[in-house]
Structures are given as structure tokens and as C-alpha cells.
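In this note's numbering, the protein residues as written are 169 to 488.
1. For residue 255, collect the residues of the same chain with a Cβ closer than 8 Å to its Cβ; drop the 5 residues on either side in sequence, then sort them by chain order.
2. Inspect the beta-carbon positions of residue 252 and residue 174 and report whether they are closer than 9 Å.
3. DSSP three-state label for residue 440, please.
4. Return the chain-ordered ranges of every beta strand (DSSP E) run that is complete within the segment 255-341 and spans a minimum of 3 residues.
5. Alpha carbon to alpha carbon, what distance is there between residue 211 and residue 179?
6. Whole-angstrom Cβ separation of residue 397 and residue 445, contact assumed at under 8 Å?
7. Just to confirm the assignment: which complete beta strand (DSSP E) runs, minimum length 3, are found wholly within the segment 219-257?
8. Can you name the start and end residues of the beta strand (DSSP E) that residue 173 belongs to?
9. Could you tell me the boundaries of the alpha helix (DSSP H) in which residue 349 lies?
10. Count the CB pairs spanning the segment 330-349 and the segment 263-272 that are closer than 8 Å, and state whether there are at least three.
11. Per DSSP, what kind of secondary structure is residue 418 in: helix, strand or coil?
12. Does the segment 199-217 come within contact of the segment 229-246, defined as at least 3 CB pairs closer than 8 Å?
13. Pull up the distance between the alpha-carbon of residue 430 and that of residue 442, whole angstroms please.
14. Is it right to say residue 332 is buried, meaning 16 or more other beta carbons lie within 10 angstroms of its own, or is it exposed?
15. Residue 383: which of 261, 197, 208 and 310 sits nearest, CA to CA?
16. Between the segment 205-225 and the segment 390-408, do at least 3 Cβ pairs fall closer than 8 Å?
17. So residue 489 is in the beta strand (DSSP E); what residue range does that whole segment cover?
18. Using only CA atoms, which one of 216, 301, 196 and 348 lies nearest to residue 182?
19. Would you say the segment 358-371 touches the segment 278-296, given that touching needs at least three Cβ pairs under 8 Å?
20. Find the nearest neighbour of residue 242 within the set 273, 322, 293 and 219, judged by alpha-carbon distance.
21. Restricting to runs no shorter than 4 residues, where is the alpha helix (DSSP H) found entirely within the segment 382-430?
22. What separation, rounded to the nearest whole angstrom, lies between the Cα atoms of residue 403 and residue 451?
23. Could you round the C-beta distance between residue 437 and residue 421 to whole angstroms and report it? I think they count as a contact, below 8 Å.
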């Protein structure tokens, strides 16, 4: 299997017949073996029955996963990845706002040597206030914090080589952060402008509250990418800064006591200095505990702390 198309579905009964036509039209034009994995995320309309009908018509290429309830888009994508077989993974929304006709263009980019091709909805057909503006702000924040500069993290339409998706699990709203995880293992990433169509049927599943969730998930992603292998850098650095502040305050109190005869115990700065010192010391201890947990994690599972792109004249399986 060369290509796996993963499509999360939630209450898209009116869009699915048109989506199937568009997918077949595009995929049949490609000279490659393919499969389409539809993940029904607990739909409450006729989406599941429609998906079953198409899966029965083409059991060789149409796969179906049905959740017991709604778990969210990230969980649906994770399930599709778990059961897919293709060396190339393409993610696509089921609402027809993504255009399957863009897939050949993305695959051509992969052939140029990239590991991940991200879609950019430059002419986005969504509400400017409730969707586009919050998305632009979130994209800017994510790019600044992670160092992976993309215009459109929220665009589901992306193409990946399978090897850059291995080694991490998706939770919360973290599917949009896949490029960040891929970058952490050395993936070559590019972004191309893709088509974006206005929604024809159904209602959008996301509002302004999703932006807040994304920002909260960003803290987790930043920690996992930058500090998961050396947490002492984060906790120890924070602790060191707090202890330095404590020392500066104590020095100020000492100078004021010696030269100006001002009582140390009567100043609230004394309690502040002691609090900063204790917090700093505790932060360093937390960093040491986190270091032990990281080492236990890697050593117990024999999980390497590196990723390999290619090998020459070597067995790809490591010797235990």
C-alpha cells in the first residue's frame, strides 16, 4: 500500500456522497495503490450508515472505523494512523472545504524530498471574526513559540511520510501540532497554498473555545519537544532564576540594614525572598525527579534518544 487517506467524519451525511465522488475522481487519476480510512467520530445522523454502504461496495480500498461516542478529531486521526498501511499519509476533512484535487500537488512536493507538506488556506472561506482572525492569532503564536513557521496549522489537509509520524501519540487537540513533532525528529517541511471552499451542508463543529484549547495544548507541546529529554533544563533553570532573585533581595535587605539601620524582619521583602528561595529549591528537586522518570522511560522501553533517517549496509532493526 503506497497511500492512505485518513478522513475523520462527524455528522456529515449530506457531504459524504459528494466527498466519495471527489475522492474517487482524484485517486483514480494517480498511478498508485491507495486506501481511504473513514473514522466515524460518534456521528448522530446517517453518516455511519452511508459509510457502511460505500465500504461494502469497495471493501478493498474503503475502510471504516466507528467510535462508540464522540472522542474528537485528534482521536479520529490517531485511530486512522494506527490502522493505516500506506507509506504516505494524507489527512482530509469530510466537510468538502478541503479539495481532494490538491492531493496530487502535495504528493509531487513529497517527491521533491520533503517529509511533510502542509496545506495553507490562503483564501479561507470562513467567518472572518469567529474563525479566521482567531486562527491567524493562534498560528502566529504557535510559530513563535515552536520555531516551526507555518501560516495555517489548522488546515487538516496535509501529506506525510509515515516515518515522521512514529514515536509520539496524539491527545487533546494536538493533531494540529504534528508538524512540530515532525520537526523535532528532523523532518523536512514545506507549505503550499491549497483550495478552500465554503461549507455547503451542515454546521461547523468548532468555535472560539477551540482557540483556548489550542493555546493550552501549546504548553504541553513546547515541553515535550524542548524539554522531554532534559527536563532539568526547564525546572533547574526556573529554580535557579528564583534563587538568584531571592539572593538579590537578601543582598538589598543586608545593605539597607548595615548602612541605613533599617530592620530586616519588619520588611515583607524578607518573606518574599524566603519564598522565592524555597520555590527555587523545590523546582530544582522536581527537575531531578523528572530526570529520573525520563531515564526510566527510555531505558525500560529501550527507546532511543535519537532518530535515524537512512542507513547503509546496516540492518534496520537494532540489536538488543
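Glycine is no exception: its CB is placed at the ideal position from the N, C-alpha and C atoms.
So, from the listed chains and residues:
1. 169, 170, 171, 329 and 330
2. yes
3. helix
4. Those beta strand (DSSP E) runs which fall completely within the segment 255-341 and span 3+ residues are 256-259, 284-288 and 326-329.
5. 5 Å
6. Not really, about 28 Å apart at Cβ, beyond 8 Å.
7. Within the segment 219-257, the runs of beta strand (DSSP E) at least 3 residues long that lie entirely inside it are, in chain order, 230-234.
8. Start and end: 171-177.
9. 346-352
10. no
11. Residue state, collapsed to three classes: helix.
12. yes
13. Cα to Cα, the separation comes out at about 18 Å.
14. buried
15. 310
16. no
17. Any answer about residue 489 is impossible in this case: the structure gives the chain only from 169 up to 488.
18. 216
19. yes
20. 322
21. 400-428
22. 5 Å
23. 6 Å
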